[in-house]
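A.B. asks: Every letter in the sequence shown is one number past the one before it in my numbering, and letter 52, counting from 1, is 51. The structure is given below, and queries will be raised subsequently.
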Amino acid sequence: MLIEAGHRCAIPTCKATPVEIAHIVPWSKVRKHEFKNLIALCPTCHTRFDDPHGPIGLKAMRQYKANLNPLLSGNLSNREGQADRLATYQELRACFAEWIPAEAKHAAAKSRRASQPDTVEDLRTQAVTKFASVVGAVADFQSVWKESEARDLAGAIFYHAADWIDEVNESRFPIPKQLARRDIAEEISDASAQLHLIVCEELSM
Ligand SMILES: [Zn+2]
């Protein structure tokens, strides 16, 4: 956990030292110490997180955990195949991070009666470009992570988002508000966190 967080508080805007090891889901609930549920925090952030009325929620903490870079060990890049696996994962994440907001922007514009057709079309074109990158990234990821749970999970996440985009693209202007407002990032957040854990475990992090 200390190496994962670089011996600093895992909250990116804090990074204070010294650190303590905190349970993400409380010890009183899980009754075990597992890597995936532990995170390095400074005493101040730890206290703020443990306070049920405090400003740091469970979801935020899970995100901080997920954001810790899985590339930690210098040896990793020397291990055959591991570097490729990590690189395709990081590429996949980066592409998704651009794609979903682009699609959401397009969907939002397409749901507003007042939107200009040119604007909607521009946003669609931008989203399609990002979509193409994601398709490439998913294919690369799956070819490197062959026959693994990670491979299947990445596919499932992609298709979940792609189904929504199909619906947005196929629905006539203006599309229903509730379709535009679907929070796909939220819908795939558990699966994405799960994928992250599998990747970390597979890469022996
Ligand atoms: Zn802190």
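Built from N, CA and C at the ideal position, the CB exists for glycine as well. What you are looking at is a predicted structure, and each value in this text was computed from that prediction instead of being measured.
Sorted by chain position, which residues of the same chain lie with C-beta nearer than 7 Å to Glu186's C-beta, five sequence neighbours on each side aside?
C.D. replies: His159
A.B. asks: Nearest to Arg61 by CA position, among Ser110, Ala153, Pro11, is which residue?
C.D. replies: Pro11
A.B. asks: Looking at the structure shown, is Ala21 part of a helix, part of a strand, or coil, going by DSSP?
C.D. replies: strand
A.B. asks: Buried or exposed: which applies to Glu146, given that a residue is buried once 16 or more other Cβ atoms fall within 10 Å of its Cβ?
C.D. replies: exposed
A.B. asks: Determine the extent of the beta strand (DSSP E) in which Leu40 is found, giving its start and end residues.
C.D. replies: 37-40
A.B. asks: For Ala106, collect the residues of the same chain with a Cβ closer than 6 Å to its Cβ; drop the 5 residues on either side in sequence, then sort them by chain order.
C.D. replies: Excluding residues within five positions, the ones whose Cβ falls inside 6 Å are Val167, Ala179.
A.B. asks: Do Arg84 and Val143 have their CB atoms nearer than 8 Å?
C.D. replies: yes
A.B. asks: Rounded to whole angstroms, what's the CA-CA distance from Ile174 to Thr87? Just pull it up for me.
C.D. replies: Cα to Cα, Ile174 sits roughly 34 Å from Thr87.
A.B. asks: Identify whether Leu196 lies in helix, strand or coil by the three-state DSSP scheme.
C.D. replies: Look at Leu196 here: in three-state DSSP terms it is helix.
A.B. asks: Could you check the C-alpha separation between Asn77 and His32 for me, to the nearest Å?
C.D. replies: At Asn77 the pLDDT is 49, less than 50, meaning the model places this residue with poor confidence; the figure from the coordinates comes in the next sentence. Looking at the two C-alpha atoms, the distance is approximately 30 Å.
A.B. asks: Can you tell me where the alpha helix (DSSP H) with Trp98 in it begins and where it stops?
C.D. replies: 81-110
A.B. asks: CB Glu90 to CB Lys129, shorter than 8 Å?
C.D. replies: no
A.B. asks: Answer with buried or exposed for Ile156, where buried requires no fewer than 16 other C-beta atoms within 10 angstroms of its C-beta.
C.D. replies: buried
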